[in-house]
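To start, the structure itself, in structure tokens.
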Amino acid sequence: GAVVSQHPSRVICKSGTSVKIECRSLDFQATTMFWYRQFPKQSLMLMATSNEGSKATYEQGVEKDKFLINHASLTLSTLTVTSAHPEDSSFYICSAPDTNYGYTFGSGTRLTVV
Amino acid sequence: AQSVSQHNHHVILSEAASLELGCNYSYGGTVNLFWYVQYPGQHLQLLLKYFSGDPLVKGIKGFEAEFIKSKFSFNLRKPSVQWSDTAEYFCAVNAPGGGFKTIFGAGTRLFVKA
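Protein chains in written order, with this note's numbering: chain F, 10 to 123; chain S, 5 to 118.
Structural data, given as structure tokens:
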């Protein structure tokens, strides 16, 4: 089945540093990748949509300069949290559409900024 | 804009009880509907999906959902729950007219007492 591999699964970083999260589609081409954020005990909130070879589309209220998204190939999309602060601590999940299975999700990245 | 409403935030049931989780969406056009489950400490998994055809959809682990277009609803059901069904359940919708962005409901936490 379709698999999206997301790394790292957990990361702890110091305030002010940047963190890169990668999502790779392993057995299919992901021309689109959705990036979500999940706060504790809350639902997933769509942050942005990345499309291979073009600029990402950000949802209202999401700072594009803080959450840099790159989708340079059909199998790789990255989210970089720049100058991270404690309020950026969250669970970040990527998802790619696959017509066979609907939408395949990565396993998520738990970011803790100290 | 699309939105998804899940009526119950927390549900507690005893084993063998029947389950129905409500989900309503707002979007006037054609939609794709999903139910996802997130077991404790795990990532999202697809339970079932509706794209078209028979409005009664059967998914994994004995779950089913019925799409009622006139009510904009996609309720999840299971005749007899098990302790292992303890998890959080998310209803989600996307639409071709909305760029296939998947919008999630707030989630329902189900706890099944053994």
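Beta carbons are placed, not taken as given, at the ideal position from N, Cα and C, and that holds for glycine.
Taking C-alpha positions only, Glu68 (chain S) is separated from Leu52 (chain S) by approximately 7 Å. Inclusion of Val97 (chain S) and Asn36 (chain S) in the CB contact set at 9 Å is warranted, their separation being smaller than that value. Under a 10 Å Cβ-count criterion, Gln47 (chain F) is classified as buried, with 16 or more other Cβ atoms of the shown protein chains found around its own Cβ. Close partners of Gln51 (chain F) in chain S (Cβ separation under 9 Å): Ala110, Gly111. Scanning its chain for C-beta atoms nearer than 6 Å, with the 5 sequence neighbours on each side dropped, one finds around Lys117 (chain S) the residues Ser18, in chain order.
Taking 7 Å as the upper bound on Cβ-Cβ separation, chain F lies near residues Phe38, His47, Leu48, Leu50, Lys53 of the stretch 38 to 53 of chain S. In the structure shown, Ser74 (chain S) falls within a helical segment according to DSSP collapsed to helix, strand and coil. Just measuring C-alpha positions, the residue of F:Cys32, F:Val20, F:Gln38 sitting nearest Phe114 (chain F) is F:Cys32. For Ser99 (chain F), the pairing in a beta bridge is given by DSSP as F:Leu120.
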